[in-house]
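The opening position of the sequence shown corresponds to residue 0 in numbering that gives the first Met the number 0, with each subsequent residue numbered one higher. We put the beta carbon where it would ideally sit given N, CA and C, even for glycine. For clarity, every value in this text was computed on a predicted model and none was experimentally measured. Down below is the structure, laid out as structure tokens.
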Amino acid sequence: MGMSVTISAAAEQDAEQIFRLQYLCFQSEAALYGNYRIDPLVQTLDSVRAEVASDCVFVARLGDEVVGSVRGRVTEDGSAAIGKLCVHPRLQGHGIGARLLRAAESALAEQRGATSFRLHTGHRSEGNLRLYRKVGYQTVGTSEGEDGVPMIVLEKPAGTYAATA
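So this is what it looks like as structure tokens:
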């Protein structure tokens, strides 16, 4: 029988695996937009380490391997910005992304006082949009990423946890 994927808070020693996983996972997003300068692909390892140290970061593990991650932080308006959700391509479609989101949302609300959750995804990222809507996010607007990619902004109030997908 295979191992189970576990979700836990990221530790300092996870930063390098998160960095490598993020680079792998966001290749498909970059291809979708013809833009290989999107933030997850140009972020430095030191910057990932800083986020692991300061933000609310969760990982999905299969044994010792980090196979998914998500980050969140509470902003000045009390909402939580959630980002860089990624799951290894070989494990996508098994509910790991929804489990990571649920863990981040719970911690951001319970430990850091977030009153709502906000995230952004590219306008062509249908798989991402499907997941976010399935777990209760609603489109509230659009924006443009620093890399020029048109983004969909989605939000949901804290305490509205959908069942994991």
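Going by DSSP, what residues sit across from residue i in a beta bridge?
i	result
Q137	E154
C24	Answer is none; C24 lacks a bridge partner.
S124	According to DSSP, which records beta bridges pairwise, S124 is partnered with nothing at all.
E143	P149
V86	G67
Roughly how far, in whole angstroms, is the beta-carbon of residue i from the beta-carbon of residue j, given that I think they are within contact range, below 8 Å?
i	j	result
S3	F57	Not confirmed; about 16 Å, so no contact.
C192	Q21	This structure gives no information on residue 192, because the portion of the chain shown stretches from 0 to 164.
I151	L128	6 Å
V139	E154	5 Å
T5	R60	5 Å
With a CB to CB cut of under 6 Å and the five nearest residues on each side skipped, what residues in its chain are close to residue i?
i	result
L107	C55, G71, A79, A113
A14	V47, R48, V51
L90	V66
R117	S78, A80, E154
P156	S115
Going along the chain, which residues of its own chain have a beta-carbon closer than 7 Å to the beta-carbon of residue i, five neighbours each way excluded?
i	result
F18	L44, V47
M0	Any reading at M0 needs caution, since the residue's pLDDT is 39, under 50, leaving its predicted position unreliable; the model's value is listed next. Cβ within range, chain order: n/a, list empty.
A103	C55, F57, V69, G71, I81
T74	A80
V148	Y32, N34, I37, G121
T163	Model confidence at T163 stands at a pLDDT of 47, short of 50, so the residue's coordinates are unreliable and nothing is read from them.
Can you find the residues in the same chain that come closer than 8 Å, C-beta to C-beta, to residue i, ignoring five residues on each side of it along the sequence?
i	result
R123	L31, Y32
T159	G135
Looking at the structure shown, is residue i part of a helix, part of a strand, or coil, going by DSSP?
i	result
F18	helix
S68	strand
S105	helix
G92	coil
S3	coil
A9	coil
R117	strand
R36	coil
R60	strand
L100	helix
Taking contact to mean at least 3 C-beta pairs separated by less than 8 Å, is the segment 62–79 in contact with the segment 25–40?
Pairwise C-beta distances place the segment 62–79 out of contact with the segment 25–40, as fewer than three of them are shorter than 8 Å.
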